[in-house]
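Residue numbers (the working numbering), protein chains in the order written: chain A, 18 to 253; chain B, 18 to 253. A virtual CB, placed ideally from N, CA and C, is assigned to each residue, including glycine. Comments concern the structure below.
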DNA sequence: TAGTGGTCTAGACCACTCA
DNA sequence: GAGTGGTCTAGACCACTAT
């Protein structure tokens, strides 16, 4: 494990274990340097990571402080994978509606940057949170990258399998959101009525080398889902 | 201007001026170091910023590549200020419904971390994009920080005034989103019908020292608004 | 003005990609 | 194995905060 990651993890763990609150002060750089026996740059890098993750904020001339948002049960829109992490305390389950190898739709081919006659794994699932319908999900996986899926994998966390089972490193993702009225079929799966609100999420996941491998369309049940995003002003 | 910021700006400008596309390769670190006459760490810092901003992605052993999402007209949920920036090509206007100093609601006091008898500027606006209603916005500004507002300021970009006029540095923000059916009054302002979908955004803006100064509640017209978020996997 | 974080350097060494 | 990005160091100096 890389030093700055390890340190970041330990600092975050320290904050959780001691139940520190927003605004609580962490030890100064000097102290952290000697405590972890690393150079200033390394500590700085750790803290930058934690700042980016929304765990701390640093104030020049003053100190390093804990950042905590006040609301629980919100899904992070930055997690870049399933929402397992944010909702650890909740019971997430899935029902697989469809799983097959097929040709991509035009939209999927475009977003995955593949030909119309390439193969994709098509997965359609309904996901539940504490027994309530959370969302309807349709995913297209580039089969030349995600070479194998089966019903068992797809019933659990697909991303866990991709990462651990296939050893694939996920790079970055582009997420597009909009709100609209539910169509008849979507409403049916979500246990809602046609015309009720739905949050539509389209996300394209890329490998570390920039190649798209997953195009997912998710429709959220508005009654069960709320989201949060922590932003920093560090980029203009 | 700090070196790494300046370099980041220049690289981004280079990408735009040359209309580089997703996957296009930038010069290698060595080249950038000599070109900008700075050390490796400085270039690295610039590139890390651009990576965080979703402008490039770096692949170890391979190179530095341009990252571009394909869709235009989406509002970035990370911009941490008005959406002026993303929608530069669009004509954003505002109609001020209400502007006054008052006592905060319980909710506003909680989120701004102030007493119920403190003073806040209350601003209610409808915002338009190309003449269509984009959103209804209610904001509470801690008056001990945002000491003065008037009708003219509030008709324009409030954040521009806060930054330039008051010289206040914005630190970070916590944004919470959910979807629901519009209430009668909200629908009226947005030119929609009661019960139609609405996207509700609550954001708390903080100073660089962590103090909240703005609590804003925005209801978006679902017909006019779409959003995007670029995520990196650099934090686990 | 003391304390604290931010920027920058020069250079060593490591880890991954790709031909 | 050559090329390229990532990690880490030790130390100088700068900029902001608090008192």
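For residue i, is the classification buried or exposed, using 16 other Cβ atoms within 10 angstroms of its Cβ as the cut-off for buried?
i: residue 36 of chain A; result: exposed
i: residue 177 of chain A; result: exposed
i: residue 19 of chain A; result: exposed
i: residue 191 of chain B; result: buried
i: residue 51 of chain A; result: exposed
i: residue 231 of chain B; result: buried
i: residue 200 of chain A; result: exposed
i: residue 203 of chain B; result: buried
i: residue 243 of chain B; result: buried
i: residue 253 of chain B; result: Any answer about residue 253 of chain B is weak, because its pLDDT of 48 lies below 50 and its placement is not dependable; what the coordinates show is given next. Exposed.
i: residue 23 of chain A; result: exposed
i: residue 220 of chain A; result: buried
i: residue 27 of chain B; result: exposed
i: residue 54 of chain A; result: exposed
i: residue 149 of chain B; result: exposed
i: residue 241 of chain B; result: buried
i: residue 89 of chain B; result: exposed
Specify, as a first and last residue, the run of the beta strand (DSSP E) that residue i falls within.
i: residue 237 of chain B; result: 229-238
i: residue 132 of chain A; result: Premise fails: residue 132 of chain A is in no beta strand (DSSP E) and is neither H nor E.
i: residue 107 of chain B; result: Run containing residue 107 of chain B: none; DSSP gives neither H nor E here.
i: residue 81 of chain B; result: 80-83
i: residue 75 of chain B; result: 73-76
Determine whether the beta carbon atoms of residue i and residue j lie at a separation below 8 Å.
i: residue 91 of chain A; j: residue 127 of chain B; result: no
i: residue 108 of chain A; j: residue 168 of chain A; result: no
i: residue 189 of chain A; j: residue 74 of chain B; result: yes
i: residue 163 of chain A; j: residue 183 of chain A; result: yes
i: residue 239 of chain A; j: residue 218 of chain B; result: no
i: residue 93 of chain A; j: residue 245 of chain A; result: yes
i: residue 72 of chain A; j: residue 250 of chain B; result: no
i: residue 228 of chain B; j: residue 86 of chain B; result: no
i: residue 59 of chain B; j: residue 21 of chain B; result: yes
i: residue 63 of chain B; j: residue 25 of chain B; result: yes
i: residue 206 of chain B; j: residue 166 of chain B; result: no
i: residue 224 of chain B; j: residue 170 of chain B; result: no
i: residue 57 of chain B; j: residue 118 of chain B; result: no
i: residue 258 of chain B; j: residue 76 of chain A; result: With chain B running from 18 to 253 in the structure shown, residue 258 of chain B is simply not present.
Where do the N-terminal and C-terminal ends of the alpha helix (DSSP H) with residue i fall, by residue?
i: residue 248 of chain A; result: Taken as a continuous stretch (DSSP letters only), residue 248 of chain A belongs to no alpha helix (DSSP H), being part of the beta strand (DSSP E) at 243-249.
i: residue 60 of chain B; result: 57-69
i: residue 39 of chain B; result: Premise fails: residue 39 of chain B is in no alpha helix (DSSP H) and is neither H nor E.
i: residue 94 of chain A; result: Looking at the DSSP string, residue 94 of chain A is not in any alpha helix (DSSP H), and its letter there is neither H nor E.
i: residue 18 of chain B; result: First-last for residue 18 of chain B: undefined, no H or E at that position.
i: residue 48 of chain B; result: 46-53
Can you list the beta strand (DSSP E) stretches of 3 or more residues lying completely in the segment 138-216 of chain B, in chain order?
149-159 and 187-198
Touching or not, the segment 229-237 of chain A and the segment 147-158 of chain A, by the rule of three or more beta carbon pairs under 8 Å?
yes
Any 3 or more C-beta pairs closer than 8 Å across the segment 73-82 of chain B and the segment 42-52 of chain B:
yes
Taking contact to mean 3 or more Cβ pairs, one atom from each stretch, closer than 8 Å, check whether the segment 199-217 of chain B and the segment 63-72 of chain A are in contact.
no
Does the segment 133-144 of chain A come close enough to the segment 109-117 of chain A that 3 or more CB-CB pairs lie under 8 Å?
yes
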